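Residue numbers -12 to 709, in my numbering, belong to the letters of the sequence shown in order.
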Amino acid sequence: MSKRTKEILANMTLEQKIYHLQQITTATFLTTKESKFEIITGPDSAVKLDKGMVYDVGTSLNLVGAETMIDAESNYLKNSKYKIPLMIMQDVIHGHRTLYPINLAVAGSFDRELAKDLAQMAAKEAALDGMSVTFAPMVDLVRDPRWGRVMESSGEDPYLNGEMAKATVEGYQGDMGKYNIAACVKHFAAYGAAEAGRDYNTVDISERTLREYYLPAYKSAVDAGVKMVMTAFNIVDGVPCVGNKHLVKEILRDEWGFDGIVISDHGAYEEMIVHGACEDKKEAAFLAMDAGCDIEMMSSCYVEHLKELIDEGKVTVEQLDKAVLRILDLKEELGVLDNPYRSVNVEEAKKVQLSPEHRALARRGAAESAVLLKNDGVLPFSKKVDSVAVIGPLGATGAIHGSWHCGGKIEETVSVYDGLKSLLGDKVKYAQGCPIEYDAVDESFFDEACQLAKASECVVLCLGEDQEYSGEGNCRTSIDIPELQYKLLDRILEVNKNVAVALFTGRPLAISRLDKTAPAILNMWMPGTEGGNACASLLFGDAVPSGKITMTFPRALGQCPIYYNHYTTGRPKAQEDDEKFVRFTSCYLDMPNSPLYPFGYGLSYTSFEYSDFKLSSNTMNRGDTLVASVKVKNTGKYKAKEAVQLYIRDVKGSCVRPVKELKGFEKITLDVGEEKTVSFDITEEMLKYWNRDLKFVAEKGEFQVFIGKDSACKPFASFMLI
Ligand code: NOJ
């Protein structure tokens, strides 16, 4: 805290301080339309603000555009009694105007630098629109593909989530120069563990599971210097996160030493009443302040009741001052206090947003995140073909950039059809094939599509789910592609076998049937603004797939939750029996235990040979570093990238340990015939976990080491920690 912010605080009235903790929508301050409390991402709860004080709220959220920002900020300052500039926040989730693939896809690039570069691009575009903070990264660990928000997350692994959290925080915040924005990690905590994959639903996990799987990524963001933390909607151990003292005060603030801003999620203070966790808004205000939450987003418990609570001695002025100072300090650090308009620049924004450089980076992001799930040898297609059919409801639309699209627009997004036309010209033709809706039954487009397929040398069949079937509030109980799309595929295959499916999805899908029938499947996820161009270059061999999945694809929804880093049981089924039913082991009557595609899985057009696995020693003394290494050779015909993965298994612990855990990865590029040695350090720190007494320790005993191309790899050595 600086002298300057302390002075500002000293001159603020009690009422003004309380208003500084309030967040409402930026649209409230626009002069260009009727001023109102516009609700963007949540239900409309009455935000009761004193008319005279509205222009003294401390922060606002969600409105894209440099001109609108200038209008809102200047109107705010004109009407504000005290003239402390607003700090404007925005959901910049996977890009601002130039969208890159959804975060679940980017994580699968296994490329920290790429994730950082993409976040930096988003920060610059957002800063030019006057944004100071992004509500990102979302690092909730996810295991249930029914949940629509898996698209925002980096998947099911705590280590990878942590690495991506760090990379993106560094990308957004950089050195906090004028093109950086502050990051806000969310949703603290364990929002991804919603029961039955239904948004906002109950979370009920043990303290051990919380610490072992769910907390590490938030902690990595905090360690990387994230400026803000957003609490989650859900309960943890019976208490809504925004009023959860154990989470916010004891873990986040006291244990991790986080002294930045804690903000609630949209309307979450009042939702504590609906949860049945408090009686009224006054109690909600008390619980949130007592837990350590600073900013109230889109409900008004603080402004209505904080003064009363202070008068009654339940909340102290010191608590209030601390919260206000945190906000003022960030405003100062970002330069908002010196220049309310900070980095906003209408002309520069026009030049930079969607610039060729930004499009090129988004395209690289999409190409390196796409995952080749299956290839019978049809891919890559040859560019020498005379005719290409693009078929499918997702083939000629820009609605593939993904949910949470911020300033991104469908009409600015390259469709697969457009991408293929720019690569190959007029020999590319399109037919819709069928509608996109999951309950569509209309087969009347089939004939036209089949005629086109018959007349073409190869077919790009664009299937999957609508981009708005994932994202906040968009959960599903069926995660296969619609029946109509299968029918279309079957009909197309009757007339042309040279078919590759380009799959678009915001979540892992249960596509066993597609895997059986389609000759090739390229999972593009929701690839962002340049999706169509990236898809075209991958399908026709100008780029080689190197993405891997970071959330397990089940064979069927009935296997969910399914994730690679599970515990064993007392009756595990032997892997060699996977296809059989073995009664009285932990398994299903009607399906193997193994997934359709495991975590870390993804094919390439080339082949990689892993050899010469080495571990520097079979014993580790405390404080030692062992080295595990492998030679990886490109034995195929394409220069390509490969994400080499290190896993470790703690064979026995005072508490049971996962069957394996990702502990390192490196993305390498190999020319045809080239070989590289990849080495990983193994330290004692990497072996620690929350033991029976909930102490974070490495216990002595055997550890197995695995290196491979995905999580199905086998151990090659083990060592004893002494
Ligand atoms: C609700 C979402 O849960 C959160 O992720 C988002 O940042 C806020 N609304 C603000 O839009």
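Ideal Cβ positions, reconstructed from N, Cα and C, are used throughout, including at glycine. The structure displayed is predicted, hence computed values, not measured ones.
- Judged by their CB atoms, residue 404 and residue 382 are nearer to each other than the 8 Å cut-off.
- Minimum Cα-Cα distance from residue 257 among the listed residues 284, 651, 246 corresponds to 284.
- Each residue's CA atom was taken as its position, placing residue 384 and residue 157 some 33 Å apart.
- Residue environment for residue 491: buried (at least 16 other C-beta atoms within 10 angstroms of its C-beta).
- Contact between the segment 86 to 93 and the segment 175 to 185 is absent: fewer than three C-beta pairs spanning the two stretches fall below 8 Å.
- Residue pairing from DSSP places residue 668 in a beta bridge opposite 614.
- DSSP lists no beta-bridge partner residue for residue 600.
- In the three-state scheme derived from DSSP, where H, G and I count as helix and E and B as strand, residue 452 is classed as coil.
- In the structure shown, residue 280 falls within a coil segment according to DSSP collapsed to helix, strand and coil.
- A residue is called buried when at least 16 other Cβ atoms come within 10 angstroms of its Cβ; residue 608 does not meet this threshold and is exposed.
- At least one heavy atom of the ligand NOJ lies less than 7 Å from the C-beta of residue 217.
- Taking the Cα of residue 242 as reference, the smallest distance to any Cα among 706, 696, 691, 683 is reached at 683.
- In the three-state DSSP reduction, residue 145 falls in the helix class (H, G or I).
- Every beta strand (DSSP E) stretch that sits fully inside the segment -12 to 55 and reaches 3 residues is listed by chain position as 9 to 12, 46 to 48.
- The beta carbon of residue 277 sits closer than 7 Å to the beta carbons of 232 from its chain, once the five residues preceding and following it are set aside; these are given in chain order.
- Counting the other Cβ atoms within 10 Å of the Cβ of residue 679 gives fewer than 16, which makes it exposed.
- Judged by the Cβ position, residue 122 qualifies as a neighbour of the ligand NOJ at the 7 Å threshold, a heavy atom of the ligand being closer than this.
- By the Cβ criterion, the segment 599 to 614 is not in contact with the segment 624 to 634, since fewer than three pairs of Cβ atoms, one from each stretch, lie closer than 8 Å.
- Counting along the chain, no alpha helix (DSSP H) covers residue 680, and no H or E run does either.
- Of all C-beta pairs linking the segment 130 to 144 to the segment 453 to 462, three or more are shorter than 8 Å, placing the two stretches in contact.
- By alpha-carbon distance to residue 485, the top candidate from 412, 524, 365, 190 is 365.
- Residue 86 is bridged by DSSP to 82.
- Taken from the Cβ of residue 49, at least one heavy atom of the ligand NOJ lies inside 7 Å.
- Residue 133 sits in coil when the DSSP states are folded into three classes, being neither helix nor strand.
- By the Cβ rule, the segment 37 to 56 does not count as touching the segment 353 to 373, because fewer than three pairs are nearer than 8 Å.
- Residue 244 is classed as exposed because its beta carbon has fewer than 16 other beta carbons within 10 Å across all chains shown.
- Nearest to residue 193 by alpha-carbon distance, out of 165, 225, 544, is 225.
- By the 16-neighbour rule on beta-carbons within 10 angstroms, residue 575 is exposed.
- Between the ligand NOJ and residue 174, a heavy atom-to-CB distance of less than 7 Å is present.
- Look at the beta carbons and you see the segment 661 to 670 not touching the segment 543 to 552: under three pairs across the two are nearer than 8 Å.
- Within the chosen limit of 7 Å, the ligand NOJ reaches the beta carbon of residue 253 through at least one heavy atom.
- Of the other Cβ atoms in all chains shown, fewer than 16 fall within 10 Å of the Cβ of residue 562; this residue is therefore exposed.
- Rounded to the nearest whole angstrom, the CA to CA distance from residue 128 to residue 525 is 29 Å.
- Cβ atoms of residue 588 and residue 502 stay farther apart than 8 Å, at about 12 Å.
- Under DSSP, residue 445 forms a beta bridge with 375.
- The alpha-carbon separation between residue 570 and residue 130 amounts to approximately 26 Å.
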